[in-house]
Amino acid sequence: MTDLAALLFDVDGTLAETEELHRTAFNETFAEFGLDWRWDAKLYKALLKVGGGRERIRHFAVDHLGGRPDDARIADMHRAKTARYQQGIAEGRLPLRPGIAALLRTARTDGLRLAVVTTTSRSNVTELLTANLGPEGPALFEVLATGEDAPDKKPDPTVYRVALDRLGLPAAACLAIEDSGIGLAAAGAAGVPAVITRNRWTEGDDFSAALAEFDDLSGVTLDDLRALHRAAGHTTGSKIE
Ligand code: XBP
Ligand code: MG
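Using my numbering, you'd call the opening residue of the sequence shown number 21 and step up by one each time.
#1: Can residue 199 and residue 44 be called in contact, C-beta distance under 8 Å?
#2: Can you pull the DSSP bridge partners for residue 142?
#3: Our contact map puts residue 127 next to residue 27 with C-beta atoms below 8 Å; I'd like the distance itself, whole angstroms only.
#4: Could you tell me the alpha carbon to alpha carbon distance between residue 256 and residue 226, rounded to whole angstroms?
#5: Does the distance between the C-beta of residue 198 and the nearest non-hydrogen atom of ligand 2 fall short of 7 Å?
#6: Please determine whether the Cβ atom of residue 217 lies at a distance below 7 Å from any heavy atom of ligand 2.
#7: Cβ-heavy atom distance between residue 140 and ligand 4 below 7 Å?
#8: Leaving out five residues on either side along the sequence, give the residues of the same chain with a beta carbon under 8 Å from the beta carbon of residue 210.
#9: Look up residue 179 in the DSSP assignment and say whether it is helix, strand or coil.
#10: Report the rounded CA-to-CA distance for residue 243 versus residue 162, giving the unit in angstroms.
#11: Round the Cβ separation of residue 175 and residue 205 to the nearest angstrom and send it over; I've been treating them as touching at under 8 Å.
#12: Determine the DSSP secondary structure at residue 39, reduced to helix, strand or coil.
#13: Do residue 151 and residue 112 have their C-beta atoms within less than 8 Å of each other?
#14: Return yes when the Cβ of residue 21 is within less than 8 Å of the Cβ of residue 188, no when it is not.
#15: For the candidate residues 64, 30, 53, 75, whose alpha-carbon lies nearest to that of residue 220?
#16: Please list the segments of the alpha helix (DSSP H) lying wholly inside the segment 197 to 256, counting only runs of 4 or more residues, in order along the chain.
#17: Taking 7 Å as the cut-off, is the C-beta of residue 34 nearer than that to any heavy atom in ligand 2?
#18: Please look up how many angstroms separate the CB atoms of residue 136 and residue 29, rounded, as I've assumed it's under 8 Å.
#19: Got a sec: does ligand 2 put a non-hydrogen atom nearer than 7 Å to the Cβ of residue 30?
#20: Would you tell me roughly how many angstroms separate the C-alpha atoms of residue 245 and residue 114, rounded to the nearest one?
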């Protein structure tokens, strides 16, 4: 049996409820670029199956509207969207989800290693962590594996493999904390067991492969996570609701 050595945190929907700010930033950017596109909540929920904001814009432009991709323009739009999103972070619009700050600090005190494993950009992650935890926030995490590290976004497992490689740990020594079906699939394809924190944007996703589902991480202790990880080491298919 392999002891738990590291927690691998997804960002969007897991560390913070970011998607409404992402959605608003996309829509404001579309208007800025003279487009009449508008992603309402229902459409955005469906588009979240496409990991990565740049990829999401491209998917919408090509698959949804049947357009020809203009990748330079899509990159410009995504840059503008990221600036708007980070302005929202600077305005304090993205608190961490309940239980996250306490769990991060306890994990570090307890000797667990921490990594971020996300499809979003590195600067979005460092801005979010700094805004909520101060200048030392990003350094709580030994590894930040982000969208820049993996051209193929979740559910592709590349970003998880990058994190494992940088940590120098086998997948079985880690536990992923995710909020989405594509994130869970990415972790699973890299061999990393995972738990889910639910949110409205990923309601209805297939979480059958998760070790457990939680509404949020308040009240979830390291002992709880260690017990789930230990159980996953010698059984499959057991799940705690
Ligand atoms: C969820 C995502 C992200 C955000 C948009 O990422 O799919 O693409 O919706 O962010 P996570 P960007 O893996 O953290 O759940 O526009 O920066 O890609
Ligand atoms: Mg997520």
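Quick reminder that beta carbons are idealized off the backbone N, C-alpha and C, glycines included.
Because the structure is a prediction, the values reported are computed rather than measured.
Here's the rundown:
#1: no
#2: Residue 142 is not bridged to any residue.
#3: 6 Å
#4: Confidence is the limiting factor: at residue 256 the pLDDT is only 45, short of 50, which leaves the residue's position unreliable and the question unanswerable from this model.
#5: yes
#6: no
#7: This structure lacks ligand 4; the ligands present are ligand 1 and ligand 2.
#8: 177, 180, 181, 184, 191
#9: helix
#10: 21 Å
#11: 4 Å
#12: helix
#13: yes
#14: no
#15: 64
#16: 201 to 209, 242 to 254
#17: yes
#18: 6 Å
#19: yes
#20: 25 Å
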